[in-house]
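Residue numbers (this note's numbering), protein chains in the order written: chain A, 1 to 158; chain B, 1001 to 1306. Each residue gets a CB set at the ideal place from its N, CA and C atoms; glycine is no exception. Since the model is a prediction, treat every value here as computed from it, not as a measurement.
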């Protein structure tokens, strides 16, 4: 076993507590259920391999999962794959539409929206997770709001 | 109103709560662990490596960095070749006159500041030639180590603060209470905008503006500090709003947090009033403002022709 039993228990406890919120945040960020699953699994696998070297497992996993997801998003096509992943129910209707709108945002804006509204993190916490400042996070959120407001308004009047 | 729209976005995002999360995620974790051989991480590797699989973004940045270094080395080689001194004791005809020693200064062309979000800037000189959609003469800035393109026209320094170029179309009368409306202005002149920004209510501290000149363009420089107590200010997450800038869609504004400290350099560039600002957060442990000050001091503006 790479990670000592006690270490795995610790990581698994974090997994049980955060994996749903993390997966849904990543779904919002990537627009792709499979990418979200892969990023979650890879992040937790990496922290297990590191054993007790990681103090704050929860913060480490969130930070790493979003970085992994960012890399996966950059590597894929622009299509949004919201098909059902094993054991999940596929997104429908308005969420699919909203995920499409989020696809027009920059990756930084999308990450901040996902972490703010699904991850339920503050601007300061988001800044720490993304390695930037709280003020930058707020600019990203402000610009995301501006873009979304326009596209949502246009969609409603279409 | 931004406050109402915050709830609109929250409502849209909450739809993701109805998506059932895959039940086999932990199994996928365990499979990934078993699929890779055990690795012993040194303490250095633990702090250096966050990803075992480098992202494409990281690879692109590394390639860009290598290209730039190669370019600098090539430029240095050109300089070495250009330093030529020919000496001879024989009488020479004019055609044979020895070439004077030539020293070609190494100049790396300035690059556009806002290229790829996430890009780590190579130390050097960069420029912008538009600010929030308004064309300007090129504004040059010199950056040292540690600066990053943060996206959304922000750039920042590790462990320090952030910087941006901006314009203001409207200035709130009270940064804490947007409902009070906007300063009467005008904000289309240097003095008018600086007056509106320094008279804006809600700040804990505002220094008196000092006159500055950058390449003949008149400007003013001053600092503002947000108060520690945001009780009663606009919204929890956006307690302070100073100015708005018209853009695509709704106006943009910069959200401040308590104790944010900013330095503003406001310049009249051929009638366009530019704001160059740096912001440090008091919430950041031991912020180093020196690189931000150095960046501001490096600002140069080309003279418009005609």
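Where the beta strand (DSSP E) through residue i begins and ends
| i | result |
| --- | --- |
| residue 1261/B | 1261-1269 |
| residue 1115/B | Where residue 1115/B is concerned, there is no enclosing beta strand (DSSP E), given that its DSSP letter is neither H nor E. |
| residue 1216/B | Neither: residue 1216/B is in no beta strand (DSSP E) and is coded neither H nor E. |
Unbroken alpha helix (DSSP H) run spanning residue i, endpoints
| i | result |
| --- | --- |
| residue 1130/B | Taken as a continuous stretch (DSSP letters only), residue 1130/B belongs to no alpha helix (DSSP H), being part of the beta strand (DSSP E) at 1124-1131. |
| residue 1195/B | 1190-1199 |
| residue 96/A | 93-102 |
| residue 1137/B | Here residue 1137/B belongs to no alpha helix (DSSP H); instead the beta strand (DSSP E) covers 1134-1143. |
| residue 71/A | 57-75 |
| residue 1290/B | 1290-1297 |
| residue 106/A | Element bounds for residue 106/A: n/a, residue is neither H nor E. |
| residue 127/A | 123-130 |
Under the three-state DSSP convention, the category residue i falls into
| i | result |
| --- | --- |
| residue 1302/B | coil |
| residue 1069/B | Because residue 1069/B carries a pLDDT of 40, less than 50, the predicted location of this residue cannot be relied on, and the following value inherits that uncertainty. DSSP places residue 1069/B in helix when its eight states are reduced to three. |
| residue 136/A | helix |
| residue 1032/B | helix |
| residue 1155/B | strand |
| residue 117/A | helix |
| residue 50/A | helix |
| residue 1009/B | helix |
| residue 1020/B | coil |
| residue 44/A | helix |
| residue 1150/B | strand |
| residue 18/A | helix |
| residue 1182/B | strand |
| residue 32/A | coil |
| residue 1177/B | coil |
| residue 208/A | Nothing about residue 208/A can be read from this structure; chain A reaches only from 1 to 158. |
| residue 9/A | helix |
Pairwise C-alpha distance: residue j and residue i
| i | j | result |
| --- | --- | --- |
| residue 1303/B | residue 1218/B | 13 Å |
| residue 1144/B | residue 1166/B | 22 Å |
| residue 1137/B | residue 1203/B | 32 Å |
| residue 1228/B | residue 1279/B | 15 Å |
| residue 135/A | residue 142/A | 10 Å |
| residue 15/A | residue 21/A | 10 Å |
| residue 1168/B | residue 96/A | 36 Å |
| residue 120/A | residue 23/A | 13 Å |
| residue 75/A | residue 68/A | 11 Å |
| residue 132/A | residue 64/A | 14 Å |
| residue 1011/B | residue 112/A | 16 Å |
| residue 1205/B | residue 1199/B | 11 Å |
| residue 1190/B | residue 1032/B | 60 Å |
| residue 1268/B | residue 1216/B | 10 Å |
| residue 1292/B | residue 1231/B | 30 Å |
| residue 55/A | residue 7/A | 11 Å |
| residue 219/A | residue 18/A | The first residue shown for chain A is 1 and the last is 158, placing residue 219/A beyond what the model contains. |
| residue 1127/B | residue 1153/B | 12 Å |
| residue 1149/B | residue 1112/B | 11 Å |
is_contact[residue i, chain E] using C-beta, thresh 8 Å
| i | result |
| --- | --- |
| residue 1229/B | No chain E is part of this structure, whose protein chains are labelled A and B. |
Supposed contact pair residue j and residue i - C-beta distance, whole angstroms, cut 8 Å
| i | j | result |
| --- | --- | --- |
| residue 1264/B | residue 1273/B | Residue 1264/B to residue 1273/B, Cβ: 11 Å. No contact. |
| residue 1226/B | residue 1260/B | 5 Å |
| residue 1193/B | residue 1242/B | Actually they do not touch by this definition, with Cβ atoms about 11 Å apart. |
| residue 31/A | residue 103/A | 6 Å |
| residue 40/A | residue 26/A | 6 Å |
| residue 1163/B | residue 1240/B | With a Cβ gap of about 18 Å, residue 1163/B and residue 1240/B do not count as contacting. |
| residue 1221/B | residue 1209/B | 7 Å |
| residue 43/A | residue 61/A | 5 Å |
Residues sharing a beta bridge with residue i, DSSP
| i | result |
| --- | --- |
| residue 152/A | Answer is none; residue 152/A lacks a bridge partner. |
| residue 1243/B | 1171/B |
| residue 1277/B | 1164/B, 1264/B |
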